[in-house]
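In our numbering, the protein residues as written are 5 to 533. We put the CB at the ideal spot given by N, CA and C, even for glycine. Notes for the one structure printed next.
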Ligand code: ADP
């Protein structure tokens, strides 16, 4: 089956999940649904094939957020051509001038924060407070990274020879393909887009099929801020469009965030044509609650870490490794708190946990809940159900779910579930907890609750992850620190911080010999004077 057909089937399957808003809505509602366009070479254009797909509200699939171009290889080729054409002009624009435009972008994002947050909640479900945080992260990233327009530091170095100068400077990579997931629909594209632009690259951005609107908002704001035509291009669509970007010979770098499975496909496509590839993928993050921890604080952190964004964060606290001395107390309080969480439409300010993203996610998460129930010893303490009646009838709602007495090697303690499901695992000694924490294929985020500074530093040192938190949960990264993970989480790159500049620029070593003679490094000896 072609990628395009698969994409259409995936969309159809979503609609057919017993809540088939798409098939039953009136022609009146159909007419009021807005059709959006791709942004290519500074123009808003339909896909070459004129086909579109629907973006549905996961809290109520009868609510169609909009129709978006179902882009194909042809659309991607046009976007790449536009980005290639704009490349030289943008590269030659001084970095501080590029940054001025980005600061203007930051101002626009601030002005529209509330509107963007509401639209994001509507297209992907997380509660308004969190979508406000998502937009804020894009704002923070914009301001922090635009500041690099006046730094983008290289360095000078002594040379081996007299009358010779040596230095390293950054140069843009060229044309970048940015492929984004749906769980941070503005923050993650901004993490990629802003550093790419400040470094002098042009881009083709493909947002996830579930959240095209938030990326479109970001790109529209770029246009308004004065980013020149062709520098930023947006193509919406499914895996077919992503693969077309990944495989395009003129795209020098792919920055991908998404599932481990797709990341592997992206990596091998990049390897085939020697493209640079930065991957950010899964996690199976852990909170360790030591015997001296403040239990109430740890419970509060676990609830936020496990059920924020309905557990759909690559940094979600999906394993809670708890000292046996506080295990009973911790699990009792955790289960009480999980049962009390108000589930509903994220646009209602009272809601604490929204829906999951789509029917595929429901299927996968419910499958893991079944696996957990089948696994020996693990006890389902609360949740475990999909909610399908009343206000939940047309959405993808799953109860916050807690398994206790989980063994570290069980599937629910090893595999990324990406939903509101967490596994509580007991331990005796901190070193045992650290072994459990490190005993998964991923290495994104880990956290330790303890009042003992010695234990905290010991754990920080031993945990093999890209991020460690002490006395707060596994989520909550800030944009000025590097973000990324070890092992199967990534391929060694870090986004955010100034480290992201090493993805979007390449080093150029420059030697200036002003001796007016041939001086051969490693060969000619220079006597001390
Ligand atoms: P998820 O399973 O969470 O939806 P994916 O890894 O499938 O995560 O998707 C992340 C992003 O990768 C999305 O924008 C998606 O459209 C895109 N994508 C999916 N398949 C491919 C592919 N074969 N090549 C490139 N991008 C892809």
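Under a three-way DSSP split, which group does residue i fall into?
| i | result |
| --- | --- |
| residue 274 | helix |
| residue 180 | strand |
| residue 185 | coil |
| residue 319 | coil |
| residue 391 | strand |
| residue 73 | strand |
| residue 219 | helix |
| residue 351 | coil |
| residue 327 | strand |
| residue 209 | strand |
| residue 494 | strand |
| residue 422 | coil |
| residue 386 | strand |
| residue 37 | coil |
| residue 464 | helix |
On the DSSP bridge list, what partners appear for residue i?
| i | result |
| --- | --- |
| residue 473 | 451 |
| residue 511 | 174 |
| residue 283 | 260 |
| residue 400 | Residue 400 is not bridged to any residue. |
| residue 430 | 326 |
| residue 94 | According to DSSP, which records beta bridges pairwise, residue 94 is partnered with nothing at all. |
| residue 128 | Paired residue(s): none; residue 128 is not in a bridge. |
Just to check my reading of the structure: residue i and residue j have Cβ atoms closer than 8 Å, yes? What is that Cβ distance to the nearest angstrom?
| i | j | result |
| --- | --- | --- |
| residue 324 | residue 293 | 7 Å |
| residue 313 | residue 134 | 6 Å |
| residue 362 | residue 214 | 6 Å |
| residue 261 | residue 481 | That belief does not hold up - the Cβ atoms of residue 261 and residue 481 are roughly 13 Å apart, past 8 Å. |
| residue 204 | residue 147 | So it is not a contact: roughly 19 Å between Cβ atoms. |
| residue 129 | residue 359 | 4 Å |
| residue 315 | residue 488 | Their Cβ separation, rounded to whole angstroms, is 20 Å, which puts residue 315 and residue 488 out of contact at 8 Å. |
So is the beta-carbon of residue i under 6 Å away from any non-hydrogen atom of the ligand ADP?
| i | result |
| --- | --- |
| residue 263 | yes |
| residue 72 | no |
| residue 185 | yes |
| residue 213 | yes |
| residue 287 | no |
| residue 470 | no |
| residue 297 | no |
| residue 269 | yes |
| residue 57 | no |
| residue 181 | no |
| residue 246 | yes |
| residue 240 | no |
| residue 243 | yes |
Tell me which same chain residues have a C-beta within less than 6 Å of the C-beta of residue i, skipping the five on either side of it?
| i | result |
| --- | --- |
| residue 196 | 182, 259 |
| residue 427 | 323, 407, 410, 416, 417 |
| residue 386 | 339, 342, 343, 406 |
| residue 236 | 207, 223, 226 |
| residue 9 | At residue 9, the pLDDT of 38 sits below 50, so the modelled position is not reliable; the number obtained from the coordinates is stated separately. Excluding sequence neighbours, residue 9 sits near nothing in its chain. |
| residue 391 | 401 |
| residue 472 | 450, 464 |
| residue 33 | Caution applies to residue 33, whose pLDDT of 49 falls short of 50 and renders its modelled position unreliable; the value that the coordinates give is listed next. If we look at residue 33 and ignore the five residues flanking it on each side, it has no Cβ neighbours. |
Please go through the same chain and pick out, in chain order, the residues whose beta-carbon is closer than 7 Å to the beta-carbon of residue i, but skip the five residues on each side of it.
| i | result |
| --- | --- |
| residue 88 | 179, 254 |
| residue 72 | 40, 56, 57, 59, 216, 240 |
| residue 444 | 288, 418 |
| residue 523 | 165, 168, 517 |
| residue 452 | 292, 294, 460, 463, 474 |
Note down, in chain order, each residue of its chain lying with its Cβ closer than 8 Å to the Cβ of residue i, except the 5 sequence neighbours on either side.
| i | result |
| --- | --- |
| residue 560 | The structure shown does not extend to residue 560, since the chain is modelled only from 5 to 533, so the question has no answer here. |
| residue 492 | 264, 285, 286, 445, 446, 447 |
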